[in-house]
Amino acid sequence: MTDATPSDSTTPDYDEMTRDIADVPAVEVITTVAVHLLSAAAVNLGLDKPDSEHKDLDEARKLITALAGLVSASATEISSFHAAPLRDGLKSLQLAFREASLVPDEPGQGPGEKFTGPVYA
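For the sequence shown, position 110 (counting from the first letter as 1) is numbered 233 according to the working numbering, and the numbering increases by one without interruption.
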């Protein structure tokens, strides 16, 4: 007969995990999430390599919009030092999206532009 209770070695220690998360500064969590969104959006725009099989503009739009919301909402909390490069990356993605679209959105209607305002080259 097999014991259905996991052994102590396979059971996560939630108290320790909570302490580990609590030790990470908020700015680090925010910038890490932003970089993940930025990277995923770049891949979905097909920027990872020529003729990328991962290109999906609908997915890229969602990721860029989420990134714009995060960057806009957190910019005053994480300082210009951290926010400026995220804004630059976001703008680059927004411009790349416009370039990749067969029918570009009207200014102010592109992904994330409800948070950032219209993006021009």
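We put the beta carbon where it would ideally sit given N, CA and C, even for glycine.
| Item | Value |
| --- | --- |
| Closest Cα partner of Ala163 within the set Ser224, Lys178, Ala149 and Ala207 | Lys178 |
| Burial state of Gln232 (16 or more Cβ within 10 Å) | exposed |
| Straight-line Cα distance separating Thr134 from Val242 | 48 Å |
| Under the three-state DSSP convention, the category Glu139 falls into | helix |
| Beta-carbon proximity check, Ala223 vs Leu186, cutoff 9 Å | no |
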